[in-house]
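Chains as they are written, first to last, in the numbering used here: chain A, 165 to 522; chain B, 668 to 809.
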Amino acid sequence: MGERETIGELLLARGISRRALLKYATYLASTMALPPMASSVMAEALAKARRQSVIWLSLQECTGCTESLTRSFSPTIEDMIFNLISLDYHETLQAVSGAAAEQARLAAMHDNKGKYVVVVDGSVSTRDGGVYAASAGKTNLQMLQETAQDALALICVGTCAAFGGVPHARPNPTGAVPVSDVIGGKPLINISGCPPIAEAMAGTIAYLITFNRLPDLDHLNRPKAYFGDSIHDRCYRRPFYDKGLFAKSFDDEGARKGWCLFELGCKGPVTHNACATLKWNGGVSFPIESGHGCLGCSEPNFWDQGGFYRPLSATTANPAAVIGGAAAAGVAVGVTSALLARRRKQQAAQQAAKEPQA
Amino acid sequence: MRARSNDMAAIPTGLAGGVLQEIAGRLADLARTGESAAIDLRSLPMTSTDLDELEHRLGRGEVAARLTLAGASELWETRYSGVWWVRHYGAGGRIAAERIEIAAVPEILVAHAADIAAAAARARCDLGGDASVTDMEPGIHG
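Pasting the structure below:
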């Protein structure tokens with residue numbers, strides 16, 4: 165296999181103008197809180213870069229993560245990610261099967277040794293040697309270890325790959341663990357969520373291609389651009405929390421008026437993700453906007469946190485008392501978090517302004 | 668007018684006035700030094716009412732364009748020459764990116780050298796010539 169063509173050459177061959185690439189870079193720069201003027205630099209860098217070889221491994225998963233990335237009803241800006249990558253192996257999407265599919269994976273590993281990115285969705289079965297999840301005569305664990313060996317980096321999409329997710333929930337019959345528990349010594353990015361937000365996956369891959377390095381990550385290896393704020397920080401219902409206005413049930417006056425869902429078990433205050441800003445289903449809404457509290461699906465062990473409808477404060481004290489105190493403190497917290505969010509944004513902008521020259 | 672999915676989206680926060688001040692400053696810079704700038708409206712915590720107010724106060728000028736590339740985009744010059752409103756749509760017609768550009772011409776309207784070279788080759792081919800894309804080196808645009 166010869167040297168892979170540049171993204172600019174591929175776009176030219178496909179009749180896609182550089183304007184489309186600039187539009188896509190504008191979109192990604194916006195989702196990643198990069199300075200607006202960085203989009204043209206990003207577009208130029210992407211045009212000169214070679215398409216990133218990606219090997220996508222699906223382990224103990226439900227295919228929701230792939231659905232999130234590929235779901236689209238018409239050719240749109242979101243589809244541009246597939247011009248930036250060469251998806252050399254993906255069990256669900258590839259046309260070939262059996263030995264030919266495995267050959268494609270091995271060929272991609274050989275031809276792009278040290279340069280390919282492994283995207284993983286699903287957790288890794290480890291009990292009894294990992295026999296509970298296998299394909300092509302190998303356990304998922306063996307295939308992951310073999311594929312990761314010569315990878316440039318790993319991107320764990322979805323909460324299963326990042327933190328174990330639903331398979332990891334008690335009683336965890338397959339001994340499911342996150343990828344980070346069995347793969348060491350490789351750059352690893354977690355893009356959690358059940359499923360993860362498509363922009364977070366696409367933006368992270370585009371960042372890798374553009375700047376040839378990992379984005380800034382939080383303590384759980386998640387890109388700060390998408391996981392830097394809590395759902396609560398950016399929730400449109402936040403002013404109700406600050407005023408102490410809470411829905412008490414899903415059909416009361418407070419629920420009808422769109423008041424805060426904290427007392428109904430919303431995990432927004434402890435959940436870091438970009439749902440409140442990027443939203444779902446083509447930007448239609450996100451769970452809280454549809455009237456249901458956040459489940460906290462992008463955080464570790466979200467399935468075993470004591471109940472989706474149990475208030476966060478319920479385990480420590482009388483909910484009413486805690487909520488009253490939280491509401492009283494809310495105004496002060498609101499101002500502080502707004503200042504912190506602005507400061508984080510400024511820091512991200514300053515950092516990103518240096519990156520194109522890096 | 669933007670769709671409002673909840674009551675809070677209707678609250679004016681006063682941010683439109685702040686953004687207008689920034690635009691005025693950047694426009695003065697453009698006039699004085701020729702330096703372009705852009706403001707990402709999606710990165711600001713503006714409500715739909717704020718955005719409506721900003722759009723209303725900036726108004727519409729002489730030029731408007733609609734682009735069809737990877738979905739639709741539209742842009743227009745506001746009543747302040749050199750201040751452009753650029754809006755990109757994503758899946759389902761949602762607004763995927765939206766920004767104000769302070770520039771002589773919005774970046775996305777300018778044809779890229781690579782596209783011009785490809786078009787020149789195609790034009791020659793259409794007219795019966797034999798030029799390939801690689802024959803056409805980017806010139807002054809490159």
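Glycine included, each C-beta is placed from N, C-alpha and C at the ideal position.
Find the nearest neighbour of residue i within the set the options, judged by alpha-carbon distance.
{"i": "Gly172 of chain A", "options": "B:Ala785, B:Glu729, B:Ala731", "result": "B:Ala785"}
{"i": "Gly293 of chain A", "options": "A:Pro335, A:Ser204, A:Pro433, A:Gly339", "result": "A:Gly339"}
{"i": "Phe410 of chain A", "options": "A:Glu427, A:Arg334, A:Asp382, A:His396", "result": "A:Glu427"}
{"i": "Leu736 of chain B", "options": "A:Glu225, A:Gln216, A:Ser217, A:Ser181", "result": "A:Ser181"}
{"i": "Ala202 of chain A", "options": "B:Ala698, B:Glu768, B:Glu744, B:Thr716", "result": "B:Glu768"}
{"i": "Asp382 of chain A", "options": "A:Leu425, A:Asn437, A:Asp415", "result": "A:Asn437"}
{"i": "Val525 of chain A", "options": "A:Thr311, A:Gly367, A:Leu372", "result": "Since the displayed chain A opens at 165 and closes at 522, residue 525 of chain A lies outside it and no answer follows."}
{"i": "Ala131 of chain A", "options": "A:Ser299, A:Val281, A:Met273, A:Gly329", "result": "No information on residue 131 of chain A is available, as it lies outside the stretch 165 to 522 that chain A covers here."}
{"i": "Ile353 of chain A", "options": "A:Phe472, A:Glu363, A:Glu255, A:Leu318", "result": "A:Leu318"}
{"i": "Met206 of chain A", "options": "A:Lys388, A:Leu372, A:Ala268", "result": "A:Leu372"}
{"i": "Asp397 of chain A", "options": "A:Asn304, A:Glu266, A:Asp468, A:Cys458", "result": "A:Cys458"}
{"i": "Ala683 of chain B", "options": "B:Ala704, B:Leu725, B:Ala695", "result": "B:Leu725"}
{"i": "Ala704 of chain B", "options": "B:Ala778, B:Ala770, B:Ala691", "result": "B:Ala770"}
{"i": "Ala193 of chain A", "options": "A:Ala333, A:Phe375, A:Leu221, A:Lys421", "result": "A:Phe375"}
{"i": "Gly692 of chain B", "options": "B:Asp793, B:Ala781, B:Gly749", "result": "B:Gly749"}
{"i": "Lys212 of chain A", "options": "A:Leu174, A:Ala333, A:Pro351, A:Asp314", "result": "A:Leu174"}
{"i": "Ala698 of chain B", "options": "B:Val686, B:Ser710, B:Tyr747, B:Thr714", "result": "B:Tyr747"}
{"i": "Val295 of chain A", "options": "A:Leu223, A:Lys350, A:Asn276", "result": "A:Leu223"}
{"i": "Trp752 of chain B", "options": "B:Leu687, B:Thr680, B:Gly681", "result": "B:Leu687"}
{"i": "Ala209 of chain A", "options": "A:Ala370, A:Lys443, A:Pro387, A:Phe414", "result": "A:Ala370"}
Strictly below 7 angstroms CB to CB, what residues from chain B border residue i?
{"i": "Arg182 of chain A", "result": "His779, Ala781, Asp782"}
{"i": "Lys279 of chain A", "result": "Under the 7 angstroms cutoff, chain B gives no residues; its nearest Cβ is about 25 angstroms from Lys279 of chain A."}
{"i": "Leu186 of chain A", "result": "Glu774, Ile775"}
Any idea which residues DSSP pairs residue i with across the strands?
{"i": "His254 of chain A", "result": "A:Trp220"}
{"i": "Asp793 of chain B", "result": "Note: Asp793 of chain B sits in no beta bridge, so no partner."}
{"i": "Arg735 of chain B", "result": "Inspection of the sequence shows that residue 735 of chain B is occupied by Thr rather than by Arg. Note: Thr735 of chain B sits in a beta bridge opposite B:Ala739."}
{"i": "His436 of chain A", "result": "A:Ser394"}
{"i": "Ser748 of chain B", "result": "Beta-bridge pairing links Ser748 of chain B to no other residue."}
{"i": "Arg214 of chain A", "result": "A:Thr170"}
{"i": "Ile353 of chain A", "result": "A:Ile319"}
{"i": "Ala298 of chain A", "result": "A:Thr303"}
Helix or strand or just coil, what does DSSP make of residue i?
{"i": "Ala411 of chain A", "result": "coil"}
{"i": "Tyr756 of chain B", "result": "strand"}
{"i": "Pro403 of chain A", "result": "helix"}
{"i": "Thr303 of chain A", "result": "strand"}
{"i": "Asn247 of chain A", "result": "helix"}
{"i": "Ala271 of chain A", "result": "helix"}
{"i": "Pro360 of chain A", "result": "coil"}
{"i": "Arg766 of chain B", "result": "strand"}
{"i": "Ser181 of chain A", "result": "coil"}
{"i": "Ser368 of chain A", "result": "The residue asked about is misnamed: residue 368 of chain A is Thr in this sequence, not Ser. Thr368 of chain A: helix per DSSP, three-state reduction."}
{"i": "Pro200 of chain A", "result": "coil"}
{"i": "Ala315 of chain A", "result": "coil"}
{"i": "Cys424 of chain A", "result": "strand"}
{"i": "Ile690 of chain B", "result": "helix"}
{"i": "Val260 of chain A", "result": "coil"}
{"i": "Val205 of chain A", "result": "helix"}
{"i": "Ala705 of chain B", "result": "strand"}
{"i": "Leu776 of chain B", "result": "helix"}
{"i": "Pro342 of chain A", "result": "coil"}
{"i": "Ser477 of chain A", "result": "helix"}
{"i": "Ser462 of chain A", "result": "coil"}
{"i": "Asp285 of chain A", "result": "strand"}
Taking 8 angstroms as the CB-CB cut-off, is residue i touching chain A?
{"i": "Leu734 of chain B", "result": "yes"}
{"i": "Ala660 of chain B", "result": "Because chain B spans 668 through 809 in this model, residue 660 of chain B falls outside it and cannot be assessed."}
{"i": "Ser740 of chain B", "result": "yes"}
{"i": "Ala737 of chain B", "result": "yes"}
{"i": "Arg699 of chain B", "result": "no"}
{"i": "His755 of chain B", "result": "yes"}
Using beta carbons (cut-off 8 angstroms, strictly below), is residue i in contact with chain B?
{"i": "Thr500 of chain A", "result": "Because the pLDDT at Thr500 of chain A is just 42, under 50, the model does not fix this residue reliably, and the point stays unresolved."}
{"i": "Tyr390 of chain A", "result": "no"}
{"i": "Val486 of chain A", "result": "The pLDDT assigned to Val486 of chain A is 42, lower than 50, so where the model puts this residue is not dependable; a value taken from the coordinates is nonetheless given after this. It does not: the Cβ of Val486 of chain A has no partner Cβ on chain B nearer than 8 angstroms."}
{"i": "Met244 of chain A", "result": "yes"}
{"i": "Leu176 of chain A", "result": "yes"}
{"i": "Ser194 of chain A", "result": "yes"}
{"i": "Arg168 of chain A", "result": "no"}
Residue i touches chain B at which residues, Cβ-Cβ below 9 angstroms?
{"i": "Ala197 of chain A", "result": "Asp707, Ser710"}
{"i": "Ser204 of chain A", "result": "Glu774"}
Run down chain B in chain order and give the residues with a C-beta less than 8 angstroms from the C-beta of residue i.
{"i": "Asp233 of chain A", "result": "Note that residue 233 of chain A is Leu in the sequence shown here, rather than Asp. In chain order: nothing, as chain B lies at least about 12 angstroms away."}
{"i": "Gly172 of chain A", "result": "Ala781"}
Give me the chain A residues within the contact set of residue i, using Cβ-Cβ distance strictly less than 9 angstroms, ordered along the chain.
{"i": "Ala704 of chain B", "result": "Pro200, Met201"}
Along chain A, in chain order, which residues have C-beta atoms closer than 8 angstroms to that of residue i?
{"i": "Arg766 of chain B", "result": "Thr190, Ser194, Pro200"}
Comparing the CB of residue i with every heavy atom of the ligand NAP, is any distance shorter than 7 angstroms?
{"i": "Tyr188 of chain A", "result": "Only the bare structure without any ligand can be found here, which leaves the ligand NAP out of the picture."}
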